[in-house]
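Heads up: the sequence shown begins at 13 in our numbering, then just goes up one per residue. For glycine and all other residues, C-beta sits at the position ideal for the given N, C-alpha and C. See below for the structure under consideration.
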Amino acid sequence: MDSVRSPEWPVAPLGGVAANSAAARYGMSSGTGPIVGRAGPPSSAPPPPYQPPSATRTSSPPVGRPAAPPVPVKILVAGGFGVGKTTTVGAISEIAPLTTEAEMTTAGIGVDDPGARSSKTTTTVAMDFGCVTIDRSLKLYLFGTPGQSRFGFMWDDLARGALGALVVVDSARLDDCFPAIDFFERAGLPFVVGVNAFDGRLALELGEIRWALAIGDHVPLVQFDARDRLSVRDALLVVLDRALDRATRDRRA
């Protein structure tokens, strides 16, 4: 399977999947957070949602034959401290996400800096876990990494078996994402840089962010809103498309 087609996801009723989103759980308003192309800074008119280059039509299984289970795909959600990784996993997961949040204490003052705009009071000390079914043939398993450097020893284990990664970035604190980008470049794992639009806006244009991060044109750079389910879905589809493209090229080599 070289490509997938994202279904049209209607808004779930209250108590359904949408009720498990970060917006519903934490009382935050849902932002638009459209995907912005890699070619340049965002325009005034919002671009259309991301669509894979091609799509294959899934056929129903023959009568009397059970449908094959969806193929499991492991995706990492990484980035610096307080950039929105836990919110990203919680907004898209179709199950109650597994989180390992611990209260921040005075011992972390000067060590864990969530940024001036954050009201964060907890921190991930192990990982976040969630899953989402793309279609009848594909299911994503999302693993959120801890953001602090002292938990870096866990990254090798979490990355084992992953097909790609979404590196979440706060445009006001770009230096926090350098360790994640360096890790995936050294590991040779396909990744996408997703700029989380805090308060619905970015501190820098996408072109400036690409230059500051020193990432090549082959690395997709997108804007998304970690609180919005459809925005997170589109960002993950870019990761999936890049991972499938990499797998296809490796198979042909």
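Cβ shell of residue i (< 6 Å), same chain only, five flanking positions each side left out
| i | result |
| --- | --- |
| glycine 206 | Leu178, Val180, Val234, Phe236 and Ala247 |
| leucine 225 | none |
| glycine 96 | Val180, Asn208 and Ala238 |
| leucine 110 | Phe141 |
Residue closest to residue i, alpha-carbon to alpha-carbon, out of the options
| i | options | result |
| --- | --- | --- |
| glycine 102 | Leu252, Ala209, Pro81 and Arg239 | Arg239 |
| glycine 92 | Arg264, Pro158, Arg222 and Asp169 | Pro158 |
| arginine 254 | Val231, Phe141 and Trp223 | Val231 |
DSSP state of residue i mapped onto helix, strand, coil
| i | result |
| --- | --- |
| isoleucine 193 | helix |
| alanine 90 | strand |
| isoleucine 146 | strand |
| glycine 206 | strand |
| valine 251 | helix |
| valine 95 | coil |
| aspartate 237 | coil |
| aspartate 168 | helix |
| alanine 226 | coil |
| alanine 215 | coil |
| alanine 177 | strand |
| valine 83 | strand |
| leucine 110 | strand |
| glycine 102 | helix |
| leucine 201 | coil |
Nonlocal neighbours in the same chain, by C-beta distance under 7 Å from residue i, ignoring five residues either side
| i | result |
| --- | --- |
| lysine 86 | Tyr153, Phe155, Gly173, Ala174 and Leu175 |
| phenylalanine 195 | Trp167 |
| threonine 145 | Pro82, Glu106 and Lys151 |
| serine 183 | Val207, Leu214, Ala215, Leu216 and Ile221 |
| leucine 201 | Ala171, Ala174, Gly176 and Ala177 |
Close beta carbons around residue i, own chain, < 8 Å, minus the five adjacent residues each side
| i | result |
| --- | --- |
| isoleucine 227 | Ile193, Val205 and Leu233 |
| cysteine 143 | Ser105, Glu106, Ile107, Lys151, Leu152, Tyr153 and Leu154 |
| proline 78 | none |
Cβ distance (whole Å) where residue i is taken to contact residue j below 8 Å
| i | j | result |
| --- | --- | --- |
| valine 171 | leucine 88 | Inspection of the sequence shows that residue 171 is occupied by alanine rather than by valine. 6 Å between Cβ atoms; contact. |
| arginine 241 | isoleucine 104 | 6 Å |
| threonine 100 | valine 251 | The pair is not a contact, with the Cβ atoms about 11 Å apart (cut-off 8 Å). |
Q) Okay, do the region 137-154 and the region 184-191 touch, 3+ Cβ pairs below 8 Å being the bar? A) no
(Q) Across the region 209-216 and the region 250-261, are there enough close Cβ pairs to call them in contact, namely three or more that are closer than 8 Å? (A) no
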